[in-house]
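Participant: Once you know that position 45 of the sequence shown is 43 in this note's numbering, the rest is easy, because the numbers rise by one and skip nothing.
Structure below; questions to follow.
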Amino acid sequence: MLVHRKLCYYPYATSHGLDAKKHAISELEHEISRTRQEIIRNKEELSRLVRRLPKEEIEKDYSLKDWNGHDVKLSKLFGKSNDLILVHNMGRQCPYCTLWADGFNGLVKHLEDRTSFVVVSPDTPKIQKEFAKSRGWKFKMLSGHGNSFIKDMGFEKPKRGFMPGVSVFRKEKDGRIFRVAVDQFGP
């Protein structure tokens, strides 16, 4: 900021000094651009590698709890769709998960035109219901509290606890369920 003020407010700042600053900024902008391009190439390579992963059959028909404490089987979450996007949310303890979930209200109708969508957290159904209502969330939520679903899907780690992410499931015509995509995300 001081350099900026000196260049802006002091008439004796030479054009040579200004040109040197512009050149340094231009070099930095080029380096930023090269780094962005490298990140894009790395993301494309990562996507290519992820697509090569085999789909994972989910042999257990897990039960999750709705807000009334009733069991809801994984196989029933698909509704009329063959695909299910399931977001692994860390629950009310995580401000980032809350931020992302706030945005789902605007997306859920568009997603549900193409697939089924549900958010699962480790909170009890009671806590989940109260928190969702306080946030104005309109999407389907289920609790993984008290069962192994979150851990079995890889979103509960021994030393780190619960992790946020997404699993995409596909139900075949014969009723078998496969996880066809999975990713963790964070702040």
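Positions of the beta carbon are idealized from the N, C-alpha and C atoms, including for glycine.
(1) Would you tell me roughly how many angstroms separate the C-alpha atoms of residue 82 and residue 121, rounded to the nearest one?
(2) Could you name the residues of the same chain whose beta carbon sits closer than 6 Å to that of residue 189, not counting the 5 residues immediately before and after it, in chain order?
(3) What is the DSSP secondary structure of residue 169, reduced to helix, strand or coil?
(4) Which of helix, strand or coil does DSSP assign to residue 181?
(5) Short of 6 Å in beta carbon distance, which residues of its chain neighbour residue 160, apart from the five on each side in sequence? Order them along the chain.
(6) Hey, how far is the Cα of residue 64 from the Cα of residue 182?
(7) Cutting at 6 Å between CB atoms, please list the residues of its own chain near residue 130, excluding the five before and the five after it.
(8) Give the range of the alpha helix (DSSP H) segment to which residue 127 is assigned.
(9) Would you tell me roughly how many angstroms separate the C-alpha atoms of residue 40 and residue 31, rounded to the nearest one?
(10) Between the alpha carbons of residue 98 and residue 29, how many angstroms are there, rounded?
(11) Check this for me: beta carbons of residue 162 and residue 141, under 7 Å apart or not?
(12) Identify the continuous beta strand (DSSP E) that holds residue 140 and give its terminal residues.
(13) Taking the straight line between their C-alpha atoms, what separation do you get for residue 35 and residue 48?
(14) On the DSSP letters alone, give me the boundaries of the beta strand (DSSP E) that residue 76 sits inside.
(15) Is it the case that the Cβ atoms of residue 136 and residue 103 are separated by a distance below 7 Å?
(16) What's the gap between the Cα of residue 127 and the Cα of residue 100?
(17) So, using beta-carbon positions, are residue 147 and residue 60 closer together than 7 Å?
Facilitator: From the atom records:
(1) 21 Å
(2) Beyond the ends of the chain as shown, which are -1 and 185, falls residue 189; an answer cannot be given.
(3) strand
(4) strand
(5) 88, 120, 154
(6) Taking C-alpha positions only, residue 64 is separated from residue 182 by approximately 24 Å.
(7) 139
(8) 123 to 133
(9) 14 Å
(10) 31 Å
(11) no
(12) 139 to 141
(13) Each residue's alpha carbon lies about 20 Å from the other.
(14) No beta strand (DSSP E) contains residue 76, which DSSP labels as neither H nor E.
(15) yes
(16) One Cα belongs to residue 127, the other to residue 100, and the distance between them is close to 14 Å.
(17) yes
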